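So the structure is just underneath, and the comments pick up after that.
Number of protein chains: 2
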Amino acid sequence: MVDTVGVVGLGLIGGSLARRLAAGGTRVVAWNHRPHPYAQAEADGIVCARDLRELMDAAPDVVVLCNPLKAMPSVLAALAPLLAQNPRVTLTDVGSVKGVVREQVREAGLEACYVGAHPMAGNELSGWSAADAHLFDDALWAVTVEEDTEYRRFFDVASMITQHVGNRLIVLDDETHDKAAAMISHMPHVVSTALINELTANPDRNIAAALSAGCWRDMTRVALTDPDRTRAMVEEDAVNVEVLLRRMAARLTDMADWLHDADASQVRGFFAEGDPFRRYKSAIAHSDSFANRELEIPESGWQQALLFSARRGEAIIGFVHLRQAIIQVRPSV
Amino acid sequence: MVDTVGVVGLGLIGGSLARRLAAGGTRVVAWNHRPHPYAQAEADGIVCARDLRELMDAAPDVVVLCNPLKAMPSVLAALAPLLAQNPRVTLTDVGSVKGVVREQVREAGLEACYVGAHPMAGNELSGWSAADAHLFDDALWAVTVEEDTEYRRFFDVASMITQHVGNRLIVLDDETHDKAAAMISHMPHVVSTALINELTANPDRNIAAALSAGCWRDMTRVALTDPDRTRAMVEEDAVNVEVLLRRMAARLTDMADWLHDADASQVRGFFAEGDPFRRYKSAIAHSDSFANRELEIPESGWQQALLFSARRGEAIIGFVHLRQAIIQVRPSV
Numbered sequence: 001m002v003d004t005v006g007v008v009g010l011g012l013i014g015g016s017l018a019r020r021l022a023a024g025g026t027r028v029v030a031w032n033h034r035p036h037p038y039a040q041a042e043a044d045g046i047v048c049a050r051d052l053r054e055l056m057d058a059a060p061d062v063v064v065l066c067n068p069l070k071a072m073p074s075v076l077a078a079l080a081p082l083l084a085q086n087p088r089v090t091l092t093d094v095g096s097v098k099g100v101v102r103e104q105v106r107e108a109g110l111e112a113c114y115v116g117a118h119p120m121a122g123n124e125l126s127g128w129s130a131a132d133a134h135l136f137d138d139a140l141w142a143v144t145v146e147e148d149t150e151y152r153r154f155f156d157v158a159s160m161i162t163q164h165v166g167n168r169l170i171v172l173d174d175e176t177h178d179k180a181a182a183m184i185s186h187m188p189h190v191v192s193t194a195l196i197n198e199l200t201a202n203p204d205r206n207i208a209a210a211l212s213a214g215c216w217r218d219m220t221r222v223a224l225t226d227p228d229r230t231r232a233m234v235e236e237d238a239v240n241v242e243v244l245l246r247r248m249a250a251r252l253t254d255m256a257d258w259l260h261d262a263d264a265s266q267v268r269g270f271f272a273e274g275d276p277f278r279r280y281k282s283a284i285a286h287s288d289s290f291a292n293r294e295l296e297i298p299e300s301g302w303q304q305a306l307l308f309s310a311r312r313g314e315a316i317i318g319f320v321h322l323r324q325a326i327i328q329v330r331p332s333v
Numbered sequence: 001m002v003d004t005v006g007v008v009g010l011g012l013i014g015g016s017l018a019r020r021l022a023a024g025g026t027r028v029v030a031w032n033h034r035p036h037p038y039a040q041a042e043a044d045g046i047v048c049a050r051d052l053r054e055l056m057d058a059a060p061d062v063v064v065l066c067n068p069l070k071a072m073p074s075v076l077a078a079l080a081p082l083l084a085q086n087p088r089v090t091l092t093d094v095g096s097v098k099g100v101v102r103e104q105v106r107e108a109g110l111e112a113c114y115v116g117a118h119p120m121a122g123n124e125l126s127g128w129s130a131a132d133a134h135l136f137d138d139a140l141w142a143v144t145v146e147e148d149t150e151y152r153r154f155f156d157v158a159s160m161i162t163q164h165v166g167n168r169l170i171v172l173d174d175e176t177h178d179k180a181a182a183m184i185s186h187m188p189h190v191v192s193t194a195l196i197n198e199l200t201a202n203p204d205r206n207i208a209a210a211l212s213a214g215c216w217r218d219m220t221r222v223a224l225t226d227p228d229r230t231r232a233m234v235e236e237d238a239v240n241v242e243v244l245l246r247r248m249a250a251r252l253t254d255m256a257d258w259l260h261d262a263d264a265s266q267v268r269g270f271f272a273e274g275d276p277f278r279r280y281k282s283a284i285a286h287s288d289s290f291a292n293r294e295l296e297i298p299e300s301g302w303q304q305a306l307l308f309s310a311r312r313g314e315a316i317i318g319f320v321h322l323r324q325a326i327i328q329v330r331p332s333v
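Line by line, the protein sequences are chains A and B.
Under UniProt numbering, the letters of the first sequence match residues 1 to 333, in that order.
Under UniProt numbering, the letters of the second sequence match residues 1 to 333, in that order.
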């Protein structure tokens with residue numbers, strides 16, 4: 001049961017989450033390393049704490065770490081003695097790379113109360129001033145668990161997401177998450193940056209920039225976001241990004257060779273290879289709604305059962321009871 | 001002086017152009033290889049011709065070829081005898097690769113009346129049903145000329161663009177255009193396609209697709225457009241695309257190496273390299289308006305003078321008289 005959510009850090013994500021929870025009637029207690037947004041936050045119905053002790057004194061059921069990764073060691077160190085006194089509290093976060101967060105949580109001796117989380121929400125802005133409850137509209141969260149994660153803690157985080165935030169979730173292990181995030185975000189951020197680097201190096205860059213239209217604008221939008229934030233994200237997931245960058249380089253080199261050789265059949269094959277993804281996008285776009293069904297969650301091996309569900313393209317949208325989830329079934333790629 | 005514009009092909013671009021010209025009060029005569037959009041086109045004030053002879057009989061000052069490139073040989077063959085009888089008529093087109101079009105125009109013996117053009121407008125749709133006068137809102141055209149292009153013919157096309165369509169233009173040679181278009185469109189289309197190919201090949205593609213958000217959506221939008229149209233565009237500009245794909249592959253491989261070696265300084269450098277483009281985008285975004293000034297166009301070497309103007313980040317927005325252009329000065333990259 002989740003009544004009160006603690007939010008650590010009122011930046012873009014933490015601020016948006018706190019606003020959305022408060023707007024939906026959930027009790028939210030927040031702490032920010034600089035108290036500057038407190039007047040506005042309190043006007044939005046968010047209880048603001050002077051320090052993490054005051055946040056924990058408000059008896060949150062779940063504490064969501066929305067601080068930057070570089071602040072994680074100091075935040076975790078401050079939370080460790082407080083969580084030792086409140087062992088029922090579940091700790092989660094919103095970081096875009098899950099392996100590194102769990103490592104830091106483990107180093108702080110807090111792994112027993114931790115469940116990882118990553119809401120797929122964000123934009124090119126940052127800070128409280130950009131925080132918006134609608135940032136989470138229709139968002140999907142990845143919730144990451146391990147073999148020894150306590151089911152009850154997963155359930156608290158999952159309830160917060162489905163019932164209080166009104167979002168969907170899939171359950172993954174850290175590695176599967178970090179590989180998938182590298183695929184659809186971290187590696188593409190590098191590719192986008194490489195595109196603007198290439199234009200910057202082009203002797204006719206003013207002409208190219210003048211000619212640029214929708215394709216260029218869309219493909220370079222993320223390269224215009226704070227490059228330090230992107231760099232941090234890429235470095236945290238370096239192992240997975242590296243592999244995908246090499247695969248992309250090989251794909252681009254192959255295509256260069258095929259164009260050089262005017263190999264029409266290979267070029268045609270290259271453009272056809274992504275057809276399953278095109279069909280998937282078309283199926284999603286043409287679905288007015290998705291089928292829901294119930295999924296019994298086994299007591300043993302629940303992590304694997306939920307990972308397989310995610311692999312089938314399913315997402316949890318709620319719970320009938322502790323061991324019975326409502327899942328939404330979407331088309332597969 | 002342009003009074004009447006002929007439009008060959010009422011697809012997305014031709015249809016949008018014809019609608020915009022007609023809506024602005026310019027007399028438009030159009031021909032389409034299948035007459036199906038004629039009832040709607042006529043309702044929009046577009047005069048529809050049964051064949052190219054009837055189109056030429058309507059005495060257009062400029063004829064804009066908006067047909068697919070593969071139809072170019074047959075369209076040019078049909079136009080050749082008609083243009084021989086109407087030598088004042090200037091021929092132009094809207095193709096996204098200029099070198100190949102000029103070659104076909106030359107093969108049809110029509111180079112003397114031809115000026116290349118490429119409006120930077122489009123979307124992922126196609127066909128008359130998607131045609132929209134607003135597609136050309138604030139569009140920039142590249143107009144391509146050669147050493148022996150008659151100034152009067154350039155002026156007719158430029159007048160149509162600035163005065164009748166209400167757009168801006170820059171003047172390039174075919175090669176500069178095709179290289180720049182490869183940079184900001186053709187090569188990025190291949191990169192976008194490589195991204196969806198990579199996801200399709202990923203064993204956890206359903207999880208990756210579920211996690212995908214704004215970054216992935218924007219970077220793969222153009223990969224979802226008609227892959228045959230993209231393939232044709234890339235093959236037409238193969239030489240320039242090949243070079244850029246190899247450069248991009250080298251950039252991605254370098255970054256993979258730096259991530260592998262945890263070379264923080266190189267990684268930092270990679271993310272800083274595009275700062276001039278970030279500053280340019282910021283300067284554009286923060287400009288309420290751009291300065292205009294007049295540019296005298298010399299009788300001899302006007303092609304080079306206008307190319308240099310484009311390299312400085314300037315665009316023609318109108319004419320005071322035949323040899324005096326009004327140019328808009330934008331920030332440089």
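Virtual Cβ for every residue (Gly too), placed ideally from N, Cα, C.
Owing to the predicted nature of the structure, the values given are computational and were not obtained by experimental measurement.
C-alpha gap between residue i and residue j, whole angstroms
i, j, result
"A/Gly122", "B/Thr162", "40 angstroms"
"A/Ala130", "A/Asp178", "26 angstroms"
"A/Arg251", "B/Ala194", "6 angstroms"
"B/Asp148", "B/Asp93", "18 angstroms"
"B/Ala30", "B/Ala78", "15 angstroms"
"A/Gly301", "A/Val320", "20 angstroms"
"A/Thr230", "A/Tyr151", "33 angstroms"
"A/Pro203", "B/Ala305", "17 angstroms"
"A/Leu307", "A/Ile317", "15 angstroms"
"B/Glu42", "B/Arg27", "12 angstroms"
"A/Gly6", "A/Asp261", "60 angstroms"
"A/Thr176", "B/Arg217", "21 angstroms"
"A/Asp156", "A/Ala58", "17 angstroms"
"A/Ile13", "B/Asn292", "42 angstroms"
"B/Trp128", "A/Tyr38", "54 angstroms"
"B/Gly45", "B/Ala22", "6 angstroms"
"residue 334 of chain A", "B/Asp237", "In the structure as shown, chain A starts at 1 and stops at 333, and residue 334 of chain A therefore has no counterpart that could be examined."
"A/Thr253", "B/Thr253", "11 angstroms"
"A/Asn240", "A/Arg278", "24 angstroms"
Residue j beta carbon less than 8 angstroms from that of residue i
i, j, result
"B/Val115", "B/Asp61", "no"
"B/Ser192", "B/Ala223", "yes"
"B/Val267", "A/Glu235", "yes"
"B/His164", "B/Ala142", "no"
"B/Gly274", "A/Asn206", "no"
"A/Ala182", "A/Leu244", "yes"
"B/Gly166", "B/Gly24", "yes"
"A/Ala315", "A/Leu169", "yes"
"A/Ser74", "A/Met233", "no"
"A/Ile297", "A/Arg330", "no"
"B/Ala209", "A/Val333", "yes"
"A/Glu242", "B/Arg247", "no"
"B/Asn32", "B/Leu52", "no"
"B/Met187", "A/Leu211", "no"
"A/Val100", "A/Val63", "no"
"B/Ala325", "B/Glu294", "yes"
"A/Leu91", "A/Leu65", "yes"
"B/Ala71", "B/Ala108", "no"
For residue j and residue i, believed in contact at Cβ under 8 angstroms, the rounded distance
i, j, result
"A/Phe154", "A/Leu17", "With 8 angstroms as the limit, A/Phe154 and A/Leu17 do not qualify as a contact, their Cβ atoms being about 18 angstroms apart."
"A/Leu76", "A/Leu55", "Wrong, their Cβ atoms sit about 14 angstroms apart, outside the cutoff."
"A/Gln303", "A/Val171", "7 angstroms"
"A/Cys48", "A/Leu83", "Their Cβ separation, rounded to whole angstroms, is 20 angstroms, which puts A/Cys48 and A/Leu83 out of contact at 8 angstroms."
"A/Thr225", "A/Ile196", "Incorrect: roughly 11 angstroms between the Cβ atoms, too far for contact."
"A/Gly158", "A/Arg20", "The question names Gly, but residue 158 of chain A is Ala in the sequence shown. Rounded, the Cβ-Cβ distance is 16 angstroms, inconsistent with contact."
Bridge partners - residue i, DSSP secondary structure assignment
i, result
"B/Trp31", "B/Val8"
"A/Gln324", "A/Glu296, A/His321"
"B/Val329", "B/Ala291, B/Glu314"
"B/Val191", "For B/Val191, which the question treats as bridged, DSSP gives no partner whatsoever."
Give the list of continuous alpha helix (DSSP H) stretches no shorter than 4 residues that lie fully inside the segment 62-92 of chain B. 72-85
Ignoring anything shorter than 3 residues or poking outside the segment 113-140 of chain A, list the beta strand (DSSP E) runs there in chain order.
116-119
- Task: Please list the segments of the alpha helix (DSSP H) lying wholly inside the segment 205-281 of chain B, counting only runs of 4 or more residues, in order along the chain.
- Result: 205-211, 214-220, 227-236, 238-260, 264-272
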